[in-house]
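Reading through the structure tokens given below for one structure.
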Amino acid sequence: MECVKCQGLMLVERHYTTVSKHLHARCLNCGFWFDLVDVLRFFHRVVQNAYDGAKFRDTL
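Counting from 561, one number per residue, gives the positions in the sequence shown under our numbering.
If you want it as structure tokens, here you go:
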């Protein structure tokens, strides 16, 4: 996976807490990170609404 800021290498990490599990992607070069679960949830809503024929207006 390539970083969107510096084009460095991104590493996928799992963080477990007592309440939930988080999946992050973190750049090894600049430290930029984002939550993969939020990104996947966003694209799932886009695909689902396109399948249903609805217009999708949402932001990450």
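Even for Gly, the Cβ is constructed at its ideal location relative to N, Cα and C.
Remember, predicted model here, so these are calculated numbers, not experimental data.
What is the residue span of the beta strand (DSSP E) that F603 lies within? Within the sequence shown, residue 603 is the residue found at index 43, counting from 1. Careful: F603 lies outside any beta strand (DSSP E), inside the alpha helix (DSSP H) at 596-612.
How many Å lie between C563 and D612 at the Cα? On the sequence shown, position 3 is the one that residue 563 refers to. On the sequence shown, position 52 is the one that residue 612 refers to. Cα to Cα, C563 sits roughly 32 Å from D612.
Return the CA-CA distance between H604 and L571, expressed in angstroms with no decimal places. Residue numbering aside, residue 604 sits at position 44 when the sequence shown is read from its first letter. Residue numbering aside, residue 571 sits at position 11 when the sequence shown is read from its first letter. C-alpha separation (whole angstroms): 22 Å.
In whole angstroms, what is the alpha-carbon distance linking L600 and L588? Taking the sequence shown and counting its residues from 1, one reaches residue 600 at position 40. Taking the sequence shown and counting its residues from 1, one reaches residue 588 at position 28. Cα-Cα distance, rounded: 22 Å.
Which first and last residues belong to the beta strand (DSSP E) in which E562 is found? The residue given as residue 562 occupies position 2 in the sequence shown. No beta strand (DSSP E) holds E562; DSSP gives it neither H nor E.
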